[in-house]
Amino acid sequence: MSSNRSLPPVSRRRFLQFSGSLLALAVAAPTLLATGSSPAMAAPLTMEDIKKAGVVRIGVEASYRPFAFREGSEIVGYDIDLADAIFKPLGVKVEFIDTAWAGVIPALYAGNFDLIMTSLTYTKERVAKVGYSIPYTEATQEMLIRASDVDTIKNLDGMAGKILGVKLGSAGDTMKTKLEEKLKADTGKGFSEVKTYDDHPSAYLALAQGSVDGVINSLATLTQVVKDAPGKYAIVRDIGPRNWAGIGTRKEDVDLIAFLDARINALKADGEIYTLQEKWFGTKMKLADKPPTF
């Protein structure tokens, strides 16, 4: 399981710590936004092509727990187990290629691999440029609270008059105004304060110390925080608008997309996908039957 890269890839978290110009690249490169032209259409990759090749190549960012990460020399995670389950009926080898997040979509169109996993969320820009399977994981923003508060903070309304923590520039930071508006509409009272932190670990520490009462982040990330500190934290669901991630392909690979959709539906029907979610996230996710529209 090697990417044949001479330098280690930059994770999406470390990449976002670089300079402003590189931050712009981190947004523009993976999504191929309007500043760039649409990828040229190539000959579609069919399932027969994959069967003949005897291998399917999957681009992952092998530093994004629990989707794909390294244990020694091996890449493991939810995406790895799920990909093996998806392609098992074909009897082909599943090869995982560790790829820098910033260039994952250009690398797909360059032919470095056949599809993308590692929680490629749906956005308006990406849907215009990339082919997508139906959702296979949830990417909703939820709220981390202290385990001792589970009886008093059962939903967003429980945060009335309490302190919210967000990371500067994160989805939670973007959501805070709408959350405040909803909270006031439902309870007549907003947050007592919204505190902003430079990174999520600092916000989690503030939560543990009692400086804030809730911290917003993606569900998948929060499940890791809970797993890493048993009995310390809990997750409050249904905080942000639903969002998911799908498996990314080239637009023209409609045969591959149809196969992926059929296999994900089959794994939902027999429950295997939820077993893998329990294994890697500690929770069963709510998966939409279709990609979101924009």
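0 is the number of the first residue of the sequence shown in numbering that gives the first Met the number 0; add one for each residue after it. Glycine included, every Cβ here is placed at the ideal spot set by N, Cα and C. As the structure is a computational prediction, the values presented were derived from the model and not from experiment.
Comparing C-alpha distances from G110 to each of P290, E251, I263 and K283 shows the shortest one belongs to E251.
Per DSSP, reduced to three states, the secondary structure at S201 is helical. Secondary structure of Y135 (DSSP, three-state): coil.
Within the DSSP secondary-structure output, T195 pairs in a beta bridge with V165.
Between the alpha carbons of I215 and I234 lies a gap of roughly 10 angstroms. In the structure shown, M284 adopts coil according to DSSP, grouped into three states. Distance between A101 and S217, taken at the CA atoms: about 19 angstroms. Collapsing the DSSP output to three states places D97 in a strand. For the pair I263 and S132, the CB atoms are nearer than the 8 angstroms cut-off. Contact between the segment 194-202 and the segment 147-156 is not established, with fewer than three Cβ pairs separated by less than 8 angstroms. In the three-state reduction of the DSSP assignment, I238 falls in the coil class.
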